[in-house]
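Numbering (the numbering used here), first residue to last: 13 to 160.
See the structure below:
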């Protein structure tokens, strides 16, 4: 059951100017592993973090490093399962976050869907599922859908 949807778009040139004006911003927003990525990928990750905050309905209890974007072996992005993020997801009634990223034509965009495998009480006959529930051998709860 979908618990929240978030989207964010970042102007890459404007983001670059912000990073140049405030050098400490890179370390504040991104983990060490994320900081090594090219500018467009950083902008996409910032958009992902903002989109996740929107999908969760706020950022209470979360820091920027709690929202690390990682890639799997196929380069699909997802959020690292930090303890703060797992707690925030549970607090919103969710147990997974789906992430899609793109960057082109000077902008980076991220879409996040926060969902729960369990239906919302009182809504058992409404709608279907966005994706199959993970199995022990299947995708992780935070599996992504695009690469960047």
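Glycine included, C-beta positions come from ideal geometry on N, C-alpha and C.
If the criterion is Cβ atoms closer than 8 Å, does the pair residue i and residue j meet it?
{"i": "residue 20", "j": "residue 63", "result": "yes"}
{"i": "residue 120", "j": "residue 52", "result": "yes"}
{"i": "residue 162", "j": "residue 106", "result": "Because the chain spans 13 through 160 in this model, residue 162 falls outside it and cannot be assessed."}
{"i": "residue 38", "j": "residue 47", "result": "yes"}
{"i": "residue 164", "j": "residue 55", "result": "Residue 164 is absent from the structure shown; the chain starts at 13 and stops at 160."}
Among the options, whose alpha-carbon lies nearest the alpha-carbon of residue i?
{"i": "residue 109", "options": "48, 40, 125 and 102", "result": "125"}
{"i": "residue 60", "options": "119, 111 and 127", "result": "111"}
{"i": "residue 18", "options": "37, 44 and 70", "result": "70"}
Tell me whether residue i counts as near the ligand GDP, meaning its Cβ is closer than 7 Å to at least one heavy atom of that ligand.
{"i": "residue 95", "result": "Judged by which ligands are present, the structure shown has none, so any question about the ligand GDP falls away."}
Thinking residue i and residue j are a contact (beta carbons under 8 Å), I'd like their distance in whole angstroms, please.
{"i": "residue 13", "j": "residue 90", "result": "With a Cβ gap of about 20 Å, residue 13 and residue 90 do not count as contacting."}
{"i": "residue 68", "j": "residue 100", "result": "6 Å"}
{"i": "residue 40", "j": "residue 104", "result": "Going by Cβ atoms, the distance from residue 40 to residue 104 rounds to 24 Å, so no, they are not a contact pair."}
Self-check item: Any 3 or more C-beta pairs closer than 8 Å across the stretch 66 to 79 and the stretch 22 to 35
Solution: No, the stretch 66 to 79 does not touch the stretch 22 to 35.
Exercise. Please specify which runs of the alpha helix (DSSP H), each continuous and at least 4 residues long, are wholly inside the stretch 62 to 118, giving them in chain order.
Key: Entirely contained in the stretch 62 to 118, the alpha helix (DSSP H) runs reaching 4 residues are, in chain order, 95 to 103.
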